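Novice: When you read off a place in the sequence shown, starting at 1, and then add 3, the result is the number in the numbering used here. What follows is a single structure, and I will ask about it in a moment.
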Amino acid sequence: MEKCDTTMNASEQIMHKEKAVLCHTYGRYPVSVVRAEGSRMYTPEGREYVDLLAGIAVTALGHCNPEIARTIADQARKLVHVSNLFYQDEQADLAAALLETCNADKVFFCNSGAEANEAAIKLARRYMNKVAKRDAYEVITLESSFHGRTLATLTATGQAKVKDGFAPLPEGFVTVPFNDLEALRKAIGPKTAAIMVEVVQGEGGVRPLPQEFAQGIQKLCRENDILLIVDEIQTGLCRTGKFWAHQHYDLTPDIITSAKALANGLPMGAMMTTDKVAKGFEPGSHATTFGGTALVSAAALKTIQIMKRDRLDERAHKMGQDATALFETLAAAHPEAITEIRGCGLMIGIVLSFPGQEIWQALLDAGFICNLTQGNVLRLLPALTIDFADLEAFAETLGNILSARKTA
Ligand SMILES: Cc1ncc(COP(=O)(O)O)c(C=O)c1O
4 MEKCDTTMNA
14 SEQIMHKEKA
24 VLCHTYGRYP
34 VSVVRAEGSR
44 MYTPEGREYV
54 DLLAGIAVTA
64 LGHCNPEIAR
74 TIADQARKLV
84 HVSNLFYQDE
94 QADLAAALLE
104 TCNADKVFFC
114 NSGAEANEAA
124 IKLARRYMNK
134 VAKRDAYEVI
144 TLESSFHGRT
154 LATLTATGQA
164 KVKDGFAPLP
174 EGFVTVPFND
184 LEALRKAIGP
194 KTAAIMVEVV
204 QGEGGVRPLP
214 QEFAQGIQKL
224 CRENDILLIV
234 DEIQTGLCRT
244 GKFWAHQHYD
254 LTPDIITSAK
264 ALANGLPMGA
274 MMTTDKVAKG
284 FEPGSHATTF
294 GGTALVSAAA
304 LKTIQIMKRD
314 RLDERAHKMG
324 QDATALFETL
334 AAAHPEAITE
344 IRGCGLMIGI
354 VLSFPGQEIW
364 QALLDAGFIC
374 NLTQGNVLRL
384 LPALTIDFAD
394 LEAFAETLGN
404 ILSARKTA
């Protein structure tokens, strides 16, 4: 490895060091982070950033939450990992706590969002094959959806850029336009096993499904005896103002997938389903070494307990409403720049009328971390514990940046 130039500061040294040794799969932000707490992140030089992204909807209870840190430390001294060959209290307690939050009866634990969706796709196929005894394997998804980066989940994803260079892709996936019930109806055939949707598309630009469309999807699933899979990997766990986003739509999915905020930063995914559909799996049909390991399960259980105790669903709902009002005022002052404020709870998209890279960079320079998705949507996914003052400071800074742009 090349030696670091001693004229570089500590942040630059980290950047330089990793260039030589990591696969270049990420478009990194030009920030090195050595410490984080609540809704703040710090560089080695001590620069502070206000974090409105929370590790992409992961650290919902804030960075290095003291209760989670204590739980992890205690559990690390007791039991970390023995594999899924053994019964473990932590896993069963977590499953019970999760199942209390939704209409599902059984859980499969894994390590990421893509893996949770992979499990959902496998279960849908195997349920059709072994239980329903139908030759049905196709999964229908929506344009601009995002479901992960494994071969199956990137094929399910309704965005061409994630598929580039990976052909041949697995068979059995069909993508239809967003909010086009007729196209969905036409896409359903004897081979269809499931429809999989995010009820608020995240990577796709923070786009909630219209109520009627969501209801229509469920109706089509019931009429055609196919499964409804709801991908709650980004939307789940109180982010949108209810424990699960599909609860805004009164949906009863056959399969729900979760990850991201589940263990407040430790890697964990979950696929939840009904007793009926769970019969599609039997011992040996699906597995993962690390899934639901005691350490991560203990952290996830604590995360859910805190979310319930502190009513973070209600907090996200109220703060989401206040933040939306704040950003709508900003949009009214800058109609040339902001075309729409959309989202649900603390999943907020500020839609710009032009490519937003410069605005995103100016926000970063001013000390605010957010994400730019689809080229023109500033996506905010802050910790559910964030102070409203941080959102107000962000709005004020964005307003100043937009005013400066107007006069430039
Ligand atoms: C809706 C949705 N599904 C699936 C995934 C994939 O999750 P992971 O990156 O943990 O594999 C993501 C990640 O952003 C997501 O937002």
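Glycine is no exception: its CB is placed at the ideal position from the N, C-alpha and C atoms. Computed from a prediction, not measured in an experiment: that's the story for all the values here.
Rounded to whole angstroms, what's the CA-CA distance from Phe246 to Leu240? Just pull it up for me.
Specialist: So the alpha carbons of these two residues sit roughly 5 Å apart.
Novice: I believe Asp234 touches Glu201 by the beta-carbon criterion, under 8 Å. Please report the beta-carbon distance rounded to the nearest angstrom.
Specialist: Correct: roughly 5 Å between the Cβ atoms.
Novice: Which residues bound the beta strand (DSSP E) around Asn374?
Specialist: It spans Asn374 to Thr376 - the beta strand (DSSP E) in which Asn374 sits, taken as one unbroken run.
Novice: Between the C-alpha atoms of Ala335 and Arg129, what's the straight-line distance to the nearest angstrom?
Specialist: Cα-Cα distance, rounded: 51 Å.
Novice: What residue does the alpha helix (DSSP H) around Glu70 start on, and which one ends it?
Specialist: Per DSSP, Glu70 belongs to the alpha helix (DSSP H) from Pro69 to Lys81.
Novice: Use the C-beta contact count for Ala411: other C-beta atoms within 10 angstroms, 16 or more gives buried, fewer gives exposed.
Specialist: With fewer than 16 Cβ atoms within 10 Å of its Cβ, Ala411 is classed as exposed.
Novice: Using only the alpha-carbon positions, how far apart do His320 and Gly348 sit?
Specialist: Straight-line Cα distance between these residues: approximately 5 Å.
Novice: Comparing alpha-carbon positions, which option in Ala76, Ile389, Lys409 and Cys224 lies nearest Leu187?
Specialist: Nearest of Ala76, Ile389, Lys409 and Cys224 to Leu187, Cα basis: Cys224.
Novice: For Phe111 versus Gln94, is the C-beta spacing smaller than 8 Å?
Specialist: Taking 8 Å as the Cβ cut-off, Phe111 and Gln94 do not qualify as a contacting pair.
Novice: What I want to know is whether the C-beta of Asp368 ends up closer than 7 Å to one or more non-hydrogen atoms of ligand 2.
Specialist: Absence of ligand 2 is noted for the structure shown, with ligand 1 being the only ligands found.
Novice: Taking only runs of the alpha helix (DSSP H) that begin and end inside the stretch 313-365, which ones reach a length of at least 4 residues, in chain order?
Specialist: Listed in chain order, they are 315-336.
Novice: With H, G and I counted as helix, E and B as strand and the rest as coil, what does DSSP make of Ile191?
Specialist: Three-state result, Ile191: coil.
Novice: Check Met11 in the structure and name its three-state DSSP category.
Specialist: Met11 falls in the coil class under three-state DSSP.
Novice: Return yes when at least one heavy atom of ligand 1 lies under 7 Å from the C-beta of Glu215, else no.
Specialist: It does not: the Cβ of Glu215 is nowhere closer than 7 Å to a heavy atom of ligand 1.
Novice: Does the Cβ-Cβ distance between Thr144 and Gly161 come in under 8 Å?
Specialist: Their beta carbons are under 8 Å apart, which means Thr144 touches Gly161 by this criterion.
Novice: With a threshold of 7 Å on Cβ separation, who are the neighbours of Met4 within its own chain once the five nearest residues in sequence on each side are excluded?
Specialist: With a pLDDT of only 47 at Met4, under the threshold of 50, the placement of this residue in the model should not be trusted; the figure read from the coordinates follows. Closer than 7 Å at Cβ, skipping near neighbours: Ala23 and Val24.
Novice: Report the residue ranges of all alpha helix (DSSP H) runs contained in full by the stretch 125-167; include only those spanning at least 4 residues, in chain order.
Specialist: Fully enclosed alpha helix (DSSP H) runs of 4 or longer: 154-159.
Novice: Note down the Cα distance separating Val36 from Asn106, rounded to an integer number of angstroms.
Specialist: Rounded to whole angstroms, Val36 to Asn106 spans 39 Å at the Cα level.
Novice: Secondary structure at Ala290, three-state DSSP: helix, strand or coil?
Specialist: Reduced to three states, the DSSP call for Ala290 is coil.
Novice: Between the stretch 56-71 and the stretch 375-389, do three or more beta carbon pairs fall short of 8 Å?
Specialist: Contact holds: three or more Cβ-Cβ distances are below 8 Å.
Novice: Could you give the distance in angstroms between the alpha-carbon of Phe397 and the alpha-carbon of Leu315?
Specialist: About 21 Å.
Novice: In this structure, how does DSSP classify Glu235 when only helix, strand and coil are distinguished?
Specialist: Glu235 falls in the coil class under three-state DSSP.
Novice: By a C-beta neighbour count over all protein chains shown, 10 Å radius and 16 as the cutoff for buried, is Phe371 buried or exposed?
Specialist: The residue is buried, with at least 16 neighbouring Cβ atoms inside 10 Å.
Novice: Please confirm whether Val280 and Ala196 have their CB atoms less than 8 Å apart.
Specialist: No, they are not a contact pair.
Novice: On the DSSP bridge assignment, give the partners of Gln214 in chain order.
Specialist: Looking at the DSSP assignment, Gln214 forms no beta bridge with any residue, so it has no partner.
Novice: So, using beta-carbon positions, are Val165 and Gly352 closer together than 8 Å?
Specialist: No, these two residues do not count as a Cβ contact at 8 Å.
Novice: Which term fits Val356, buried or exposed, when burial requires 16 or more other beta carbons within 10 angstroms of its beta carbon?
Specialist: Looking at the sequence provided, one finds Ser at residue 356 rather than Val. So Ser356 counts as exposed.
Novice: Find out if the Cβ-Cβ distance for the pair Met274, Ala303 is shorter than 8 Å.
Specialist: No, the pair does not count as a contact, with Cβ atoms beyond the cut-off.
Novice: With a CB to CB cut of under 8 Å and the five nearest residues on each side skipped, what residues in its chain are close to Phe330?
Specialist: Excluding sequence neighbours, Phe330 sits near Ile341, Ile344, Ile351, Ile353 and Ala398.
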